[in-house]
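In this note's numbering, the protein residues as written are 527 to 944.
Beta carbons: idealized from backbone N, C-alpha and C, even for Gly.
Fair warning: this is a prediction, and the values are worked out from it, not measured in the lab.
Have a look at the structure below, then the notes.
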């Protein structure tokens, strides 16, 4: 299926989505506004710009309409990421949804996810989200410990998380995910186990567990560098990860990606080829399978038409560029900051880097050969042979996937394909 790429001047260009024909695409919408930036966060997020939100959403609507002209493939996932998308007022969000539905062919069972901070939602807001079509809620819980939440710069409590989950269920959400952080300075195994157990008791459907990273430019890194906090213990973090995997397994969850666990429930729809459980995040699976997605908003990244691209990072710059309206061919908008063509060799490497994150599925030999005309062994015999010999990767005629031992050193393993 070739995508018809229409410029704002009405000219048409033909290309394939992501370098290969695809049945469905995904859309990521960036909302880089926060009430307060967390101490560990190096994401493209800004506090104190609330006055810009109406103009920003209007720019998103314009970009949605422009990009929607060139996307003929149906959209099966939409993801609102932040920042804190739950700060978007419902009237503005309603206008944005109207534009999305007018501009893109959303599938009937389109997964629409929205990230939220637990203390930014109430019953009316959650009901409004459901009425608009949001069907997956991702709450940034991070910890159940008051001292850890303070360290992270979070403004909520565990009670806020419990309340948000309860209200979300009452609003009709059947797919709720929680983000948690482990491996933080001063965090103990006991506090981590308590955090996991208390959040498991809330009865949610999905967990994303992230090892704390001391990223450049963050307050947390500065505090550790100055000796105000202890260095994170990597060995303890590995033990926390392994314990959490076992605990989640006992609670009926299956790990499907290095950082993600979904409640076991078979999928009985046409999307069974796209996910194994209805609680797996279909949008993130699009990333890990290196499938095409469109990025809208300030700092958003996309992968489509053989290009990886990104928009202007600053919300103010994004709004100004959208007002200027410089013409770009699909999949680019006036907000484009950078585009990089991806050749076949690079795309194959990226497919390995992302696909090996899928710990159960891995990279399929059949899919890889169908996509690139070569088998895994034809391209990556050396890399896979070394990782297999070290006991980190299981490599068979069906494909390659990380073993449990490989998950703890995944970044090192991925470097083999860079």
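| message | Rounding to the nearest angstrom, what Cα-Cα distance links residue 844 and residue 563 in this structure? | response | Rounded to the nearest angstrom, the two C-alpha atoms are 20 Å apart.
| task | Quick one: grab the DSSP three-state call for residue 713. | result | coil
| Distance between residue 818 and residue 624 (C-alpha atoms, nearest Å) | 23 Å
| Sequence ranges, beta strand (DSSP E) only - wholly within the segment 665-742, length at least 3 | 702-708, 732-737
| query | With respect to the beta strand (DSSP E) encompassing residue 632, which residues constitute its N-terminal and C-terminal limits? | reply | 632-642
| task | Answer with buried or exposed for residue 776, where buried requires no fewer than 16 other C-beta atoms within 10 angstroms of its C-beta. | result | Classified as exposed, residue 776 has fewer than 16 neighbouring CB atoms from the shown chains inside 10 Å of its CB.
| said: Under DSSP, the alpha helix (DSSP H) around residue 582 begins and ends at which residues? | reply: 579-594 is the span of the alpha helix (DSSP H), which, as asked, contains residue 582.
| request: Find the nearest neighbour of residue 583 within the set 786, 705, 657, 558, judged by alpha-carbon distance. | output: The option with the nearest alpha carbon to residue 583 is 558.
| Counting pairs of beta carbons, one from the segment 864-873 and one from the segment 916-933, are three or more of them closer than 8 Å? | no
| field | Sequence-distant residues of the same chain with beta carbon closer than 7 Å to residue 931, five excluded per side | value | 917, 918
| query | Any idea what DSSP makes of residue 869, helix, strand or coil? | reply | coil
| message | Within a Cβ cutoff of 6 Å, which residues of the same chain sit near residue 861, ignoring the five residues on either side of it in sequence? | response | 837, 838, 844, 847, 848
| Using the C-alpha atoms, what's the distance from residue 627 back to residue 600? | 11 Å
| message | What does DSSP give as the partner residue(s) for residue 830 in the beta ladder? | response | 833
| query | So, using beta-carbon positions, are residue 788 and residue 732 closer together than 8 Å? | reply | yes
| task | Grab me the residues of residue 901's own chain with a C-beta within less than 8 Å of its C-beta, minus the 5 sequence neighbours each way, in chain order. | result | 891, 894, 895
| field | Start and end residues, alpha helix (DSSP H) containing residue 933 | value | 930-933
| request: With a 10 Å radius around its C-beta and 16 neighbouring C-beta atoms as the bar for buried, classify residue 886 as buried or exposed. | output: The C-beta of residue 886 has fewer than 16 other C-beta atoms within 10 Å across all chains shown, which makes the residue exposed.
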